[in-house]
Amino acid sequence: MGQGFGKPMLSAPADPPQPSATAAFLAGFQAAWQSVLAYVLIGTYVGIAALAHDFGFSLWWVAASTALVWAGPAQVILISALGAGATALETALAVGLSSARLLPMVISLLPLLKGPRSSGRALVLPAHLTAVSMWIEALRHLPTWPRATRIPFANGLGLGFMVAAQIGGALGYYLAGSLPPVLTAGLLFLTPMSFLISTTRNCRLLSDWLALALGLLLGPLFAAWHLELDLLWTGLAGGSLAYAVGRLRARRA
Amino acid sequence: MSELHAYALLLLVGFLPNEIWRMLGLLVVRGIDEESEFFMWARSVAVAVLAGVIAKIVAFPPGALASLPPGLRLGAIACGFLAFLVLRRSVLAGVAAGEAVLMLGALAYGI
């Protein structure tokens, strides 16, 4: 266990000086803008805001939905369902189903953040900021940060990404209707392309590689079979199998 | 739809059904540390779901992407992935290569 990292500085005088919470927050914010994913978010939210504009939502509503929902696919569903006149219940169900992926992400991120002394309340903001981009970059950066500075780092990272998304949203709202179809296709393609590469870069364990391969395979397969909750089953089946194989190999080694 | 009504809907059918998963995660992680087996399993599940989302967007794409032939979408993502592996694992190079193949292909295809 990372001795000393989780302890208050006073009890561990031999430790190198830790960065302050403000410095960690700013470093997280900066890390967001050094990631390709910040620019991918700008592109993605250009597309989302253009869609919202076409359905008649105001720019402030789009900005509020980005801050509150903070999940691209859920926002697309919310905007198109409400815009197309779906009932509130249908919309809520569709949004809730699309966001189930946030649960394993939060569960696999927050244990990296919390120290022995951190309160549950301090984890509410990082949990809210958890989305694919933040999760990917947090898993990559957090292990190099002392435990006591990880919460402010993650908050800086998440807010840095959210600022990028808000800039993209404002841009897309004003560009709506004037984007050529080739560019719209290119913007939509940013998400799968960048997520695939960033997830691959994060793969360390055998179980990571297997989960990636099985997810790529099972996702479209389950969807083609019109299985209800296809992504949920993709995660449970692919993830559990990858975990089990990784576990068996580790035990044998 | 009045402005106030739109914000009420945002809270009730956008924010709440989405945020519930994050808050559920917050409850679940109490008492779990990063050495635990449950944590390792959740990580694999999260990676598999994300991979599923990626593959689904390529196989059953939304909007303007759907008007492109499946071979072009698959070719573009494969080229981007190869560029990432070959060019010193640069994320930017991979994304740029994949996007270039997709958009040039789209122009050639005439969307």
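Quick mapping for you: the protein sequence lines, in order, are chains B and Z.
Letter by letter, the first sequence follows residues 104 to 356 in the working numbering.
Letter by letter, the second sequence follows residues 308 to 418 in the working numbering.
Idealized CB from N, CA, C, for every residue including glycine.
Reduced DSSP secondary structure (H/G/I, E/B, other) of residue i
| i | result |
| --- | --- |
| B:T233 | coil |
| B:L330 | coil |
| Z:F367 | coil |
| B:L308 | coil |
| B:A279 | coil |
| B:V227 | helix |
| B:Q121 | coil |
| B:M104 | The pLDDT assigned to B:M104 is 39, lower than 50, so where the model puts this residue is not dependable, and the model offers no usable value. |
| Z:G417 | coil |
| Z:R337 | coil |
| B:P249 | coil |
| Z:S309 | coil |
| B:S138 | coil |
Closest residue to residue i among the options (Cα-Cα distance)
| i | options | result |
| --- | --- | --- |
| Z:W328 | B:L206, B:V179 and B:Y148 | B:L206 |
| B:L313 | B:M237, B:P284, B:L324 and B:A347 | B:A347 |
| Z:G401 | B:S301, B:L324, B:G318 and B:D333 | B:S301 |
| B:V149 | B:G280, B:M296, B:T303 and B:A340 | B:G280 |
| B:P379 | B:R220, B:P219 and B:I210 | Outside the shown range of chain B (104 to 356) lies residue 379 of chain B, about which nothing can therefore be said. |
| B:I97 | B:T294, B:T190 and B:L129 | As displayed, chain B neither begins before 104 nor continues past 356, which places residue 97 of chain B out of reach and without an answer. |
| B:L144 | B:H231, B:W164 and B:V235 | B:V235 |
| Z:L283 | B:L226, B:G186, B:L140 and B:A189 | For residue 283 of chain Z there is no data in the structure shown, the boundaries of chain Z being 308 and 418. |
| Z:A371 | Z:A358, Z:L409, Z:G321 and Z:V335 | Z:L409 |
| B:A134 | B:L262, B:A166, B:R204 and B:F160 | B:L262 |
| Z:L379 | Z:V365, Z:A390, Z:P369 and Z:L389 | Z:V365 |
| B:G90 | Z:V335, Z:E341, Z:L411 and Z:R350 | One cannot answer for residue 90 of chain B here, as it falls past the ends of chain B, which runs 104 to 356. |
| B:A170 | Z:L311, Z:E310 and Z:L317 | Z:L317 |
| B:A241 | B:V139, B:L212, B:A177 and B:P284 | B:L212 |
| B:A326 | Z:L399, Z:A383 and Z:P368 | Z:P368 |
| Z:G359 | B:L321, B:A340 and B:V266 | B:L321 |
| Z:L331 | B:S202, B:F158 and B:T194 | B:S202 |
| Z:P324 | B:L351, B:A124, B:A316 and B:A197 | B:A197 |
| Z:E342 | B:K217, B:P120 and B:L278 | B:K217 |
| B:F298 | Z:G412, Z:S374, Z:F388 and Z:F346 | Z:F388 |
| Z:A313 | B:R352, B:M296 and B:A184 | B:A184 |
| B:W173 | B:A189, B:I151 and B:L192 | B:I151 |
| Z:V320 | B:T190, B:A126, B:P120 and B:I254 | B:T190 |
| Z:A353 | B:L315, B:V165, B:L286 and B:G349 | B:L315 |
| B:F264 | B:G146, B:S123 and B:T125 | B:G146 |
| B:L200 | Z:S309, Z:A373, Z:L311 and Z:V356 | Z:V356 |
| B:A126 | B:L339, B:P249 and B:P214 | B:P249 |
| Z:G338 | B:R350, B:P246 and B:P214 | B:P214 |
Residue i beta carbon near the ligand ATP (any heavy atom closer than 7 Å)
| i | result |
| --- | --- |
| B:A187 | Only the bare structure without any ligand can be found here, which leaves the ligand ATP out of the picture. |
8 Å Cβ cutoff, residue i in contact with chain C
| i | result |
| --- | --- |
| Z:R395 | Annotation note: the requested chain C is absent from the structure, which comprises protein chains B and Z. |
Segments of 4+ residues assigned as alpha helix (DSSP H) that fall wholly inside the stretch 140-221 of chain B:
Here the runs fully enclosed are 162-171, 175-186, 191-201 and 205-216.
Which runs of the alpha helix (DSSP H) at least 4 residues long sit entirely within the stretch 341-396 of chain Z? Give them in chain order.
Within the stretch 341-396 of chain Z, the complete alpha helix (DSSP H) runs of at least 4 residues fall at 344-366 and 377-393.
Does the structure place the stretch 249-261 of chain B close enough to the stretch 284-293 of chain B that three or more beta carbon pairs sit under 8 Å?
The stretch 284-293 of chain B, when compared against the stretch 249-261 of chain B, does not touch it at the 8 Å Cβ threshold.
Is the stretch 309-326 of chain B touching the stretch 263-275 of chain B in the sense that three or more CB pairs, one from each, lie closer than 8 Å?
Below 8 Å, too few C-beta pairs join the stretch 263-275 of chain B and the stretch 309-326 of chain B to call them touching: fewer than three.
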